[in-house]
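Protein chains in written order, with our numbering: chain Z, 1 to 211; chain W, 1001 to 1211; chain P, 2001 to 2211; chain F, 3001 to 3211.
Please read the structure below before turning to the comments.
Number of protein chains: 4
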Amino acid sequence: MGRVRAMARPRSTAADSAILDATRATLVELGWPKLTMGHVAARAGVAKTTLYRRWPSKSALVVDAVAILFDELELPDRGSLRGDIEGVVGSFATLLERPETKTSLMAVVAESTRDPALRVHIREAIVQRQKHLVQEGRDRAQRRGELTSAPHPGTAARQVDLIFDVIAGAVVHRALVSAEPVDGAWTTMFTELLLGGLSSLDEASDSASAY
Amino acid sequence: MGRVRAMARPRSTAADSAILDATRATLVELGWPKLTMGHVAARAGVAKTTLYRRWPSKSALVVDAVAILFDELELPDRGSLRGDIEGVVGSFATLLERPETKTSLMAVVAESTRDPALRVHIREAIVQRQKHLVQEGRDRAQRRGELTSAPHPGTAARQVDLIFDVIAGAVVHRALVSAEPVDGAWTTMFTELLLGGLSSLDEASDSASAY
Amino acid sequence: MGRVRAMARPRSTAADSAILDATRATLVELGWPKLTMGHVAARAGVAKTTLYRRWPSKSALVVDAVAILFDELELPDRGSLRGDIEGVVGSFATLLERPETKTSLMAVVAESTRDPALRVHIREAIVQRQKHLVQEGRDRAQRRGELTSAPHPGTAARQVDLIFDVIAGAVVHRALVSAEPVDGAWTTMFTELLLGGLSSLDEASDSASAY
Amino acid sequence: MGRVRAMARPRSTAADSAILDATRATLVELGWPKLTMGHVAARAGVAKTTLYRRWPSKSALVVDAVAILFDELELPDRGSLRGDIEGVVGSFATLLERPETKTSLMAVVAESTRDPALRVHIREAIVQRQKHLVQEGRDRAQRRGELTSAPHPGTAARQVDLIFDVIAGAVVHRALVSAEPVDGAWTTMFTELLLGGLSSLDEASDSASAY
DNA sequence: CCATAATCGAGACGGTACGTCCAGTCTTCTG
DNA sequence: CAGAAGACTGGACGTACCGTCTCGATTATGG
């Protein structure tokens, strides 16, 4: 096709993972505010130039380095919607306690309020990427008969978005803003609240076509 | 008796408000990342030294400057718990859209993950200070007969904390992380979910003494 | 005359010497560059205001604090002009080795190149105040017959000035600029040179009226 | 063989001279006390970082900037030792009247009393570098038969050091400490004294092996 | 024996420069 | 060309002093 010349030195693929590893290691040791591009480069055995050739900024680099940590979140079948919710809340809380995520998640979000490209990057690499968890939980609950499916596909998608914001938002707020532990008692109470809310949504979307 | 030391020149109270005003104005114009201590000092007609004599860091200063904006949140009686919730969600969303808060709230929270003193500062100046809104909403709903009071005072306090984290967390996550609008449709759906959750909590705390 | 009223609180005389002592002590410990007005004030148990009420600047204060150290210079009669010169050179060198003088003499001179008032202050408090040493040495040598008196008083005064500049200048330059020790060998050689110069001046001013 | 590292971007040589030029220009305009690193950097069109990468302090920078001015000192052959001395004293006095040198020479010397590295720097860049003037004058006088050569090389070197300290010290002391003009009358009298001293040294080193 | 007035310790104030640090870019040479 | 090395501009950082100021408290003397 358009391929004219291809004789240049290709980018080292090994470097990519070395850089992301170094980024995470530095986040653990020094935290976001003390993480510098120079530090990461030195630790990865790479020149700063190489970093900037692949990521536009420190924030974008950290988003990629942290994003894959969120892939650890799973939704093992605990037999009931209540169990599934409690499980995912617990594993999310555990994730937020790790130094890599704790010090950098809010930082990149803060940065993103001024940088649209970064905002998109976060949404794609973290938010949208994890929404399947909510969808899976819903599907499983429907199969168990705990919930009914929404009458309209659009409504279902909006509900997934909402539930994701409620779970993620509440846990993050509890852990990082209120700065109180996301322990068993809190998780139980939160799950109770969420279950009641879900069945309420279920009935409402059943009867009315408002959503 | 209580007099220990009162001989030196007292701190100018006028400077305090000038600094906070300048901080807010600079946040509006330049946003958090471009706000510098030097800039604020110059704008307030004050020396940088004076800033550092009163606030230990840029973050602490911004917390104080922004905290009073949260006092604008009110809970006008709309006649029903549903209306009250929709009202407070709307006004919180509006607050989060203001440039002063949007660019700085997440930034100071991010900073606080590494600075315990700042974490306490945020909790006292913003979080605890606004929890009365949830309490008021609950009391009003109880008076209306929409909710019953919790059997134990400790349970009630924990419920207030939870509800605050759910509301604030969900709205903040929707607005700043998912970066989608907190519009009427979302608010209605969220309120539906929350109302269902509240009545569920109500019944649970009624029957069981688990909480 | 103009005296109308004199009922105010007088300045504490004790403070003066406490301040000068503190200044010297701080010079010994920290040296000129790290000596600050605040430090001296604190050490003297005095407010900064009090310092500035009495001395216009750090330099002026140090000049006064150091000036009296130069009063230690003496000219004990060693029986010959050669001995007298070697003696005064040695004691001057010893004085310049003390940390109070070493670190501050050049500093105040440097400052004085930009501050005429300070220049006058140094000249009066240090330079002119020690010229009597040269005069005494000359007088003594004349009484011994080692030198003859200058034919004109003005010539004598100019010679005293010159000799003072030569001795003080050479020793200071050796000690502080060349930064080599003013030891016995150097002193002997310098004294030989100066003696030869003095007799040369003596003959010249005898025969010619040029000076 | 000698190649150890030569892969990085080399330091700009243009920057060096731009910085030194800016330093001298600033010394002329503002004098030593008002010269700041920031000012010099801005004037040289260079970042402050670049200054600190090359010179450890303001003093070290000024030493280099001023040192080459001393290279202007020359010793034109005026036909006699007397003439040569009067000539070099005059040109040294002229040099000390320039604002660059007047305000900064004593300042760096003062600083050097606390900073051994700076002391060495001054000795090498200014003192040792100009001693050839004394050596030249001596050599020339010997060729003319005005002086004889010292019997031992070590003695000759010590005499050169001494003469340098006497000339430089006396002129500097007259000009900057006593703060009186180094005019023709003073120069004539000083030269008379020095000539007498030199012949005295000459005879002494001839007869005795003390030196 | 009180009123007056300058002094005192304390420390906040506006300024200015410091020397450090990092972001992001540029320039060199090597593979 | 990609990459390592590291110099470069630019700008904010937080600190340290300067010399001035504003306090309330402390002495002296003159009336």
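Glycine is no exception: its CB is placed at the ideal position from the N, C-alpha and C atoms.
His-3173/F counts as buried, since at least 16 other C-beta atoms from the protein chains shown sit within 10 angstroms of its C-beta.
Of all residues in the segment 178–190 of chain Z, the ones placed with a Cβ closer than 9 Å to any Cβ belonging to chain W are Ser-178, Ala-179, Glu-180, Ala-185, Trp-186, Thr-188, Met-189 and Phe-190, in chain order. Closest by C-alpha distance to Leu-1020/W, out of Lys-1048/W, Arg-1119/W, Leu-1133/W and Asp-1064/W, is Asp-1064/W. Fully contained in the segment 2029–2074 of chain P are the following alpha helix (DSSP H) runs of length 4 or more, in chain order: 2037–2044, 2048–2054 and 2058–2070. The contact set of Arg-3119/F on chain P, defined by CB atoms closer than 7 Å, consists of Ala-2179 in chain order. Residue contact check for Met-106/Z against chain W: a CB pair falls below 7 Å. By the Cβ-count criterion, Gln-1159/W is buried, with 16 or more other Cβ atoms from all chains shown falling within 10 Å of its own Cβ.
Within 10 angstroms of the beta-carbon of Arg-2024/P lie 16 or more other beta-carbons, which makes it buried. Between Ala-1125/W and Ala-1067/W, the CB-CB gap stays under 7 Å. The C-beta distance from Ala-170/Z to Val-1166/W rounds to 5 Å, short enough to fall under 8 Å. For Lys-2131/P, there is no enclosing alpha helix (DSSP H), as DSSP gives it neither H nor E. The Cβ-Cβ distance between Lys-1102/W and Thr-113/Z falls below 7 Å.
The beta-carbon of His-3132/F is placed no less than 7 Å from the nearest beta-carbon of chain P. Two segments are said to touch when three or more pairs of C-beta atoms, one from each, lie closer than 8 Å; by this definition the segment 3187–3202 of chain F touches the segment 2195–2207 of chain P. Separation of the CB atoms of Val-3088/F and Leu-3073/F is rounded to 7 Å, and the pair is thereby assigned contact status at 8 Å.
Per DSSP, reduced to three states, the secondary structure at Pro-153/Z is helical.
Residue-level contact check: Thr-1113/W touches chain Z, since one or more beta carbons of chain Z fall below 7 Å from its beta carbon. No residue range can be given for Leu-3176/F, since it is assigned to no alpha helix (DSSP H) and is classified by DSSP as neither H nor E.
For Ala-2141/P, the closest Cβ of chain F is not nearer than 7 Å. Bounds of the alpha helix (DSSP H) holding Pro-3116/F are 3116–3122. Straight through space, the alpha carbons of Gly-2090/P and Phe-2190/P are spaced by roughly 11 Å. Within chain P, Gly-2196 and Ser-2200 have C-beta atoms less than 9 Å from the C-beta of Ser-3199/F, given in sequence order. Inter-segment contact for the segment 3130–3142 of chain F and the segment 2134–2150 of chain P is absent: fewer than three beta-carbon pairs are separated by less than 8 Å.
By the neighbour-count definition (other C-beta atoms within 10 Å, threshold 16), Glu-111/Z is a buried residue. Rounded to the nearest angstrom, the gap between the Cα atoms of Asp-3016/F and Glu-3029/F is 20 Å.
Spatial neighbours of Ala-1107/W in its own chain (CB-CB distance under 7 Å, excluding positions within 5 residues in sequence) are listed in chain order as Trp-1032. Between the alpha carbons of Glu-3180/F and Glu-3097/F lies a distance of about 11 Å. Put simply, of Arg-3082/F, Val-3046/F and Arg-3119/F the residue whose alpha carbon is nearest the alpha carbon of Thr-3187/F is Arg-3082/F. Contact annotation for Val-1028/W against chain Z: no contact, minimum CB-CB distance about 13 Å [criterion: below 7 Å].
Contact of Lys-58/Z with chain W is not assigned, every C-beta pair being separated by 7 Å or more. Gln-2135/P is the residue among Val-2177/P, Gln-2135/P and Pro-2151/P whose C-alpha sits nearest the C-alpha of Ile-2163/P. Within the same chain, Met-3037 and Ala-3041 come within 6 Å of Leu-3051/F by CB-CB distance, once the 5 residues on both sides are set aside.
About 6 Å separates the CB atoms of Leu-1027/W and Ser-1104/W; that is less than 8 Å, so the two are in contact.
Listed along chain W are Val-1177 and Ser-1178, each with a C-beta nearer than 7 Å to that of Val-127/Z.
The beta-carbon of His-3173/F is placed less than 7 Å from the nearest beta-carbon of chain P. In the DSSP assignment, Leu-147/Z falls outside any alpha helix (DSSP H), carrying neither H nor E.
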